[in-house]
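Chemist: My structure is below; once you've seen it, I'll send some questions.
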Amino acid sequence: MNIDITKEYPFTGHRLDLDGLNYHYLDEGSGDPVVMVHGNPSWSFYYRNLVLALRDRYRCIVPDHMGCGLSDKPGDDRYDYTLSRRVDDLERLLDHLGIRENITLVLHDWGGMIGMAYAVRHPERIRRLVILNTAAFHLPKEKPFPLALRICRDTWIGALLVRGLNAFSLAASFVGCKRNPMPTDLRRAYRSPYDSWQNRIATLRFVQDIPLSPGDRNYELVSSVARGLEQFTSRPMLICWGEKDFVFDRHFLAEWQRRFPGAEVHSFADCGHYILEDAGEEIVPLIAAFLDRTTAVKAGTP
């Protein structure tokens, strides 16, 4: 990294050896575990303010997916950049830490698919869900696949833009916030792990791994996760949503609400994809209150 982010990210990281590769994660605080799973092209930095707000009473676990953030960024010869491998990594981390019950999942972007695939594997471990502009099902029928993602997913031009010019991370840092555009230093912090062709491999592989039709790698895995979501309808769920997200828009929100009619929903008409940046001053307290309230219910207190 080329910039000092210690003021914004004042944590001591940990590393788990995954077959000779360093998998970076935060482990802050104590109490019931809150596992925060990021997406693409962000990293654990996205959850920094939520960790600071919760670590006095919860154990906050925040991994950097392989190829992202402070984790290693291996080539394809050393790591299989697929959804199923991401889920395996998360499972190995939580098993390594002995975290097997009362888990709260906080999910954003690709983190929704990864986290809910883990949840479907181990539904008995999941206590609560916090959903932030993400999905755990296929592209809604009403939602066209964005052209920009299509170019990145399917063309050599997209590969050149993403890995050569860091276009995906760069664009996200500009358009991801609508109410509160990121200042220059914050945009740089988000992009800082992705500072070379090699270090942008995961950014591209995530987009290339999006399954759109039967026969695509991971299509059946996404289908099986979607089928498994109904077993969580009785779990407490909080949904916080930026309506100006150009990918995870109102069609995705509507699908979450259709599947989870009892969820507590807070939708922000003027906010975009990076909802914790755009409306963090509102959403972080909402998440903290939701966790505290549902913890009290679990404990049987008034």
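Per full-length UniProt numbering, residue 1 is the first one in the sequence shown, and the count goes up by one each step.
By construction, the Cβ of each residue, glycine as well, lies at the ideal position given by its N, Cα and C atoms.
On a predicted model such as this, the values are computed, not experimentally measured, just so you know.
Could you tell me which of 110, 149 and 145 sits nearest to residue 274, measuring between CA atoms?
Modeler: Position 274 of the sequence shown, counted from the start, is the residue given in the question as residue 274. Out of 110, 149 and 145, 110 has the C-alpha closest to the C-alpha of residue 274.
Chemist: Please name the residue or residues paired with residue 197 in a DSSP beta bridge.
Modeler: Locating residue 197 in the sequence shown gives position 197, counting from the first residue. According to DSSP, which records beta bridges pairwise, residue 197 is partnered with nothing at all.
Chemist: By Cβ distance, which residues of its chain are closer than 8 Å to residue 146, with the 5 residues on each side in sequence left out?
Modeler: Here residue 146 refers to the residue found at position 146 of the sequence shown. Correct list, in chain order: 246 and 247.
Chemist: From what residue to what residue does the alpha helix (DSSP H) around residue 49 run?
Modeler: Here residue 49 is taken as the residue at index 49 of the sequence shown, counted from 1. Run containing residue 49: 48-54, per the alpha helix (DSSP H) assignment.
Chemist: Rounded to whole angstroms, what's the CA-CA distance from residue 285 to residue 249? Just pull it up for me.
Modeler: If you number the sequence shown from 1, residue 285 lands on position 285. If you number the sequence shown from 1, residue 249 lands on position 249. C-alpha separation (whole angstroms): 23 Å.
Chemist: I need the DSSP call for residue 188, collapsed to helix, strand or coil.
Modeler: Looking up residue 188 in the sequence shown gives position 188. Note: residue 188 maps to helix in three-state DSSP.
Chemist: Can you list, in chain order, the residues of its chain whose CB lies under 7 Å from that of residue 84, leaving out five sequence neighbours each side?
Modeler: One-based indexing of the sequence shown puts residue 84 at position 84. So the list reads 218 and 221, once near-sequence residues are dropped.
Chemist: At which residue ranges does the region 205-245 contain complete alpha helix (DSSP H) runs of 4 or more residues, listed in the order of the chain?
Modeler: As far as the region 205-245 is concerned, its whole alpha helix (DSSP H) runs of at least 4 residues are 219-228.
Chemist: With a threshold of 8 Å, are at least 3 pairs of Cβ atoms found where one atom belongs to the region 186-206 and the other to the region 252-270?
Modeler: At 8 Å Cβ cutoff, the stretches do not touch.
Chemist: Run through DSSP, which three-state label would residue 145 get?
Modeler: Along the sequence shown, one-based indexing puts residue 145 at 145. In the structure shown, residue 145 sits in coil (DSSP, three-state: anything other than H, G, I, E or B).
Chemist: With distance defined between alpha-carbon atoms, name the residue in 281, 251, 82 and 260 nearest to residue 141.
Modeler: Numbered from 1 along the sequence shown, position 141 holds the residue referred to as residue 141. Here the closest residue by C-alpha is 251.
Chemist: Strictly by DSSP, which residues pair up with residue 264?
Modeler: Within the sequence shown, residue 264 is the residue found at index 264, counting from 1. According to DSSP, which records beta bridges pairwise, residue 264 is partnered with 238.
Chemist: Who are the Cβ neighbours of residue 47 in its own chain at under 6 Å, not counting the five residues just before and after it?
Modeler: Within the sequence shown, numbered from 1, the residue matching residue 47 stands at position 47. Cβ within range, chain order: 36 and 62.
Chemist: Taking residue 61 as part of the beta strand (DSSP E), name the residues at either end of that continuous run.
Modeler: Along the sequence shown, read from residue 1 onward, the residue named residue 61 stands at position 61. It spans 59-63 - the beta strand (DSSP E) in which residue 61 sits, taken as one unbroken run.
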